[in-house]
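These protein sequences, in sequence, are chains C, A, X and E. Per the working numbering, the first sequence starts with residue 18, numbered consecutively. Per the working numbering, the second sequence starts with residue 18, numbered consecutively. Per the working numbering, the third sequence starts with residue 123, numbered consecutively. Per the working numbering, the fourth sequence starts with residue 123, numbered consecutively. A virtual CB, placed ideally from N, CA and C, is assigned to each residue, including glycine. Being a predicted model, the structure only gives us computed values, none of them experimental. Down below is the structure, laid out as structure tokens.
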Amino acid sequence: MTPQVRVQAEPFDAATEIAALTEGRADIGAVVTFTGFCRDEGGRLAALELEHYPGMAEAEMMRVAGEAAARWPLTGLVAVHRFGTITPGQPIVLVVTASGHRAAAFDAAAFLMDYLKTRAPFWKREHLVDGTAGPWVEAKSEDDAAAGRWA
Amino acid sequence: MTPQVRVQAEPFDAATEIAALTEGRADIGAVVTFTGFCRDEGGRLAALELEHYPGMAEAEMMRVAGEAAARWPLTGLVAVHRFGTITPGQPIVLVVTASGHRAAAFDAAAFLMDYLKTRAPFWKREHLVDGTAGPWVEAKSEDDAAAGRWA
Amino acid sequence: MKLVYFAWVRERIGKADEEVELPAGIVTVTDLVRWLKGRGEEYAYAFENEGVVRAAIDHTHVKPDAPLDGAREIAFFPPMTGG
Amino acid sequence: MKLVYFAWVRERIGKADEEVELPAGIVTVTDLVRWLKGRGEEYAYAFENEGVVRAAIDHTHVKPDAPLDGAREIAFFPPMTGG
């Protein structure tokens, strides 16, 4: 199983990714998808700007994907992360995991998200509804704690 | 948030369900989907036949969905379970959870699957590739253990 | 009172549902199971291990000591294997 | 050696990347940070809290005591906030 990792400006489609992992296969029992969306934070945000480190973003996502593949018996793994300006309601990140059994698919997807949050080189900046650029989003200690539970 | 529960013979589409939960909303940060598929068990199975208890299946799925909605801050919840004859590679069950934050969406989806497995009145029977009807699938003690972790 | 059966419980009994008139003294699900077992070997076979077959009253799971009072439909079935 | 900066580290320093010739005695990432802080107040501002800014060598996360030997590209950036 070779993980698929993509960094792109374009939106993605969860159903297309599920179909690509399951097409023509009869050994997959479970597919979990996680999609992370841009929120408007109670009407405060006009958009999120996502900066990334080209080259390292793909490399680090592939390392995290490889760790998930080594840890759980997966039959498929896709991780897609967008960059650029993303408006509220639009998707930012997608993780898809496929396995014979549901626990592996669930755990691997949660692991991937926890690790992508803390290790993939992406940075979010807020753009406010009044047209000004807001602050860079601060990293959350709860994300470090979530990643720490897999150690 | 009113959970949506459906019992149907027809296939379903995960992307349609994600779109229905997220369309026009800017307060959703995370959507998790779980899709359970029919496996061929190493080439042994021609199909699974899914019997269900009409009326109670919907009622019990709605009770489980209500428990998830009471336990996690969800903005959307869909559970769809098919009945009838389902061939390897085809989907059987779909759960979609939406929330402001990813941990709630992940945990609620895993909870729903663990509880649907042990409480929703569906029974699987194997149909073998040699054309004969195989045995009814036996309940697994590991499924009871998985459901027990939420108690 | 309507009884409904599913999966291998239905196959062993040989019918999907039936109407029954309960004699006096049948108070709980366990009472009903013991009474059914006395009706023929197909019932005895279906309920040969009482701890395995599950019951529901009016679409809600119940334990063996649940009272039948007021029930319209009682279901018996094996442990669930959906999902 | 190429240095690249991201997010508010990039904004504080005022450039996205630059080529530097390191003087002798700059062995680790921490040595490099201290040398950069002496180059001007924009660097001092970017690295004002050395424990916050993260580093990567050739696309791999590294700790402050990582040796620079053989590195082609060193990146500095805030804690990640993707996902």
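Assignment of ARG119 of chain A by DSSP, reduced to helix, strand and coil, places it in the helix class. Fully contained in the segment 133-190 of chain E are the following alpha helix (DSSP H) runs of length 4 or more, in chain order: 151-159, 163-168. In this structure, the CA atom of ALA85 of chain C is about 26 Å from the CA atom of GLN107 of chain C. Residue pairing from DSSP leaves GLY151 of chain C without any beta-bridge partner.
The criterion of a C-beta distance shorter than 9 Å is not satisfied by ARG23 of chain C and VAL81 of chain C. About 4 Å separates the Cβ atoms of PRO105 of chain A and ALA43 of chain C, confirming a contact at the 8 Å cut-off. In summary, the residues of the segment 119-152 of chain C whose CB is separated from some CB of chain E by less than 7 Å are MET130, LEU133, LYS134, THR135, ARG136, ALA137, PRO138, PHE139, TRP140, LYS141, in the order they occur in the chain.
Ranking X:ASP139, X:GLY205, X:TYR127, X:THR152 by CA distance to the CA of PRO189 of chain X puts X:THR152 first. At a cut-off of 9 Å between beta-carbon atoms, THR182 of chain X makes contact with chain A. A straight-line Cα-Cα distance of about 17 Å links LYS137 of chain X and ALA178 of chain X. For the C-beta of MET79 of chain C, not a single chain E residue is nearer than 8 Å; the gap to the nearest is close to 10 Å.
In the structure shown, the three-state DSSP call for VAL112 of chain A is strand. Short of 7 Å from the beta carbon of GLU77 of chain C, and not among the five residues preceding or following it, lie these beta carbons of its own chain, in chain order: ARG136, ALA137, PRO138. Within the same chain, ARG176 come within 8 Å of MET202 of chain X by CB-CB distance, once the 5 residues on both sides are set aside.
Around the Cβ of SER158 of chain C, a 10 Å sphere holds fewer than 16 other Cβ atoms; the residue is exposed. One alpha carbon belongs to ARG194 of chain E, the other to ASP139 of chain E, and they sit about 13 Å apart. The Cβ atoms of VAL126 of chain E and TYR70 of chain C sit closer than 9 Å to each other. For the pair THR50 of chain C and ALA126 of chain C, the CB atoms are nearer than the 9 Å cut-off.
The distance from the Cβ of GLY46 of chain A to that of ARG56 of chain C is about 5 Å, consistent with a contact at the 8 Å cut-off. Annotation: the continuous alpha helix (DSSP H) that includes GLU84 of chain A extends over 73-88. In the DSSP assignment, ALA47 of chain A is bridged to C:GLY53, A:SER116.
Interface with chain X (9 Å Cβ-Cβ cutoff): ILE109 of chain A is included.
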